[in-house]
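All you need for the numbering used here is the position in the sequence shown, starting with 1, plus 1272. Just so it is clear, CB atoms sit at the ideal spot from N, CA and C, and this is done for glycine as well. None of these values were measured; they are calculated from a predicted model. What follows is a set of notes on a single structure, which appears directly below.
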Amino acid sequence: MGLGTVGGGVALALTDHANSIQRKTGFSVNLRHVLVRDSEKTRDPAPPEGVLTTNPEDILADPHVQIVVETMGGDHPAGEYLQRALDAGKHVVTANKEVMSRRGPDLMALAQKKQVNLLFEASAGGGIPIVGCLMSQLLANDIRSIRSIINGTTNYILTQMAWHQASFADALAEAQTRGYAEADPTNDIEGIDAAYKLSVLGSLAFHRRIPHHAIHTEGISQLGPEDFRYASELGYAIKSLAIAVVQSNGLVQARVHPALVPENHLLAKVDGVYNAVEVTGDLCGQIILHGQGAGREATTSAVMGDILSIVRTMGSANVPPPLPALDVNGDDTDSAVCPIDELSSAYYIRLTCADQAGVLAQVAQILGDGNISIATVIQKDTDPGSGTAQLVITTYPAREADVQFALAAVARLGVVVGVNNLIRIEE
Ligand SMILES: NC(=O)C1=CN([C@@H]2O[C@H](COP(=O)(O)OP(=O)(O)OC[C@H]3O[C@@H](n4cnc5c(N)ncnc54)[C@H](OP(=O)(O)O)[C@@H]3O)[C@@H](O)[C@H]2O)C=CC1
Ligand SMILES: N[C@@H](CC=O)C(=O)O
């Protein structure tokens, strides 16, 4: 289902790798139908003769179809098709993080009931085998945290802005041309795609549901070229991070937002379409997986891996299907996730001011009253063009709620034209 960036790559691999699939699994895999919206569209490469259909029933009602591979995207109608495929006793492979985040536990329960596989490696981290890793190799661990870059589009945009001073719009257009972005890139640039992925990874890692809507989510569209300059001056890179940490009170802190990361940190060195997932477990310690997080070939690798792992078990009555470890009976409430207000973090604050004179003293007073200590200050002269000056402050760790409260007061100062940015610093 779907013959776009990912589906097109999978269809090609099924043909190009036919011999090695037969050799590795003992079975040949035949592409029987491909569901698209528009069967008249010119496609490169052209799909095999006679497989295209616009009618999902051709797949769902065909008793010869054993595995349904969904690469359409979106919750509807993909979610309903997957449910019907499982209900009909077909194995399912999906690259769809939105469906897995919204309906994963229900679909998994159905897969268990029907004794079929539901595999979703490509739904998070593109070509990085993080889903399988959490479901099997790391299963013995009590996972304490995930810190990750899990959106290829935003990481590509941030890299282009930092390295080549590209405009946001140009960098996004390039990411779309390369097939990294979602059909509607809003999900990428507003952090929603990463929140779906963090919901999937967090649920697998912590064995409880981390609903995507309970994850604090911020996008990257408010970042300006100045932020990259100041971050670099301070020794940081700007990355969009997806973080889930089990706190000492048992609640999970889960958030997706831009962050300043020290330039010598491994996550600061993850560039372009690359993603990285750092997992900390009680047994394994810290592990980092790094690889391409989006794009045709890398994602095809993940989808094909799922297909072949299903094919390998076919015909072997004694081998139970490798069901995923996501706890379908887990806690489905938002109460497992703590609000962002309680976060303690260091911050980068950028203010545009009408005048330089006295502004730092006034801002420092407000921050001090809120128990927020200033770590560094960058003060730029008034720009004759705009008639405004920039004030950049970094703080020592403080409570998010206190910082937000203080910044509301800072914004009310007559001399402050705008609080342009508040970015958390991840050491
Ligand atoms: N692109 C990437 O790098 C990655 C994508 N993913 C995920 O994979 C999935 C697919 O992404 P991608 O390949 O980029 O998406 P594309 O937009 O490139 O392709 C989507 C395909 O699905 C078909 N399609 C969409 N809606 C329908 C519908 N209602 N009925 C029938 N066919 C439909 C389209 O048909 P038509 O061609 O006729 O328009 C198209 O062939 C998404 O869930 C995405 O999040 C995961 C990892 C990486
Ligand atoms: N749009 C997504 C595609 C992969 O999941 C991204 O950019 O990471």
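Whose C-beta lies closer than 8 Å to the C-beta of residue i among residues of the same chain, with five residues either side of it excluded?
i, result
"proline 1611", "His1488"
"isoleucine 1482", "Leu1470, Ser1471, Gly1474, Ser1475, Ala1516, Val1524, Ala1526, Ala1608 and Val1609"
"valine 1308", "Gly1274, Leu1275, Leu1324, Thr1325 and Thr1326"
"threonine 1287", "Leu1303 and Pro1320"
"valine 1388", "Leu1358, Gly1361, Lys1362, His1363, Val1364 and Pro1593"
For residue i, is the classification buried or exposed, using 16 other Cβ atoms within 10 angstroms of its Cβ as the cut-off for buried?
i, result
"glutamate 1672", "buried"
"alanine 1333", "exposed"
"asparagine 1547", "buried"
"proline 1530", "buried"
"tyrosine 1700", "The structure shown does not extend to residue 1700, since the chain spans only 1273 to 1699, so no value can be given for it."
"alanine 1680", "exposed"
"aspartate 1499", "buried"
"leucine 1598", "Because the pLDDT at leucine 1598 is just 47, under 50, the model does not fix this residue reliably, and the value given afterwards should be weighed accordingly. When all chains shown are included, leucine 1598 counts as buried."
"aspartate 1655", "exposed"
"aspartate 1613", "exposed"
"serine 1420", "buried"
"histidine 1484", "buried"
Within its chain, find whatever has a CB closer than 7 Å to the CB of residue i; leave out the 5 residues flanking it on each side and keep chain order.
i, result
"alanine 1455", "Gly1345"
"phenylalanine 1299", "Val1583 and Met1586"
"alanine 1396", "Lys1369, Ile1402, Val1403, Ile1422, Lys1469, Val1472 and Leu1473"
"aspartate 1674", "Gly1642, Asn1643 and Ile1644"
"alanine 1357", "Leu1332, Val1340 and Val1364"
"isoleucine 1579", "Val1301, Ile1339, Val1341 and Val1365"
Tell me which residues share the same chain as residue i and place their Cβ nearer than 6 Å to its Cβ, disregarding the 5 neighbours each side in the sequence.
i, result
"leucine 1685", "Gln1634"
"asparagine 1459", "Asp1465"
"threonine 1343", "Gly1274, Val1278, Gly1279 and Ala1367"
"valine 1600", "Note that valine 1600 has pLDDT 42, beneath the 50 cutoff, so the model's placement of it is unreliable and the number below is only indicative. Excluding sequence neighbours, valine 1600 sits near Pro1377, Met1380 and Ala1381."
"valine 1687", "Cys1625, Ala1626, Asp1627 and Val1631"
"histidine 1562", "Ala1548"
Could you check whether residue j and residue i sit closer than 9 Å to each other, using their CB atoms as the reference points?
i, j, result
"asparagine 1368", "leucine 1391", "no"
"leucine 1495", "leucine 1410", "no"
"leucine 1639", "glutamine 1651", "no"
"threonine 1666", "isoleucine 1646", "yes"
"glycine 1281", "threonine 1571", "yes"
"alanine 1290", "glycine 1451", "no"
"glycine 1398", "glycine 1424", "yes"
"glycine 1553", "tyrosine 1428", "no"
"alanine 1704", "tyrosine 1620", "The structure shown does not extend to residue 1704, since the chain is modelled only from 1273 to 1699, so the question has no answer here."
"aspartate 1550", "glutamine 1558", "Here the sequence assigns glutamate to residue 1550, which means aspartate is not the residue at that position. Yes, the Cβ-Cβ distance between glutamate 1550 and glutamine 1558 is below 9 Å."
"serine 1504", "threonine 1426", "no"
"valine 1691", "threonine 1660", "no"
Could you tell me how far apart the beta carbons of residue i and residue j are, in whole angstroms, since I believe they sit closer than 8 Å?
i, j, result
"valine 1341", "methionine 1273", "7 Å"
"valine 1306", "alanine 1283", "6 Å"
"isoleucine 1331", "alanine 1434", "So it is not a contact: roughly 44 Å between Cβ atoms."
"glutamate 1698", "valine 1533", "5 Å"
"isoleucine 1415", "phenylalanine 1478", "6 Å"
"glycine 1351", "valine 1371", "5 Å"
Fill in: Stretch-stretch touch, CB-based, cutoff 8 Å, three pairs: the stretch 1313-1333 with the stretch 1377-1396
no
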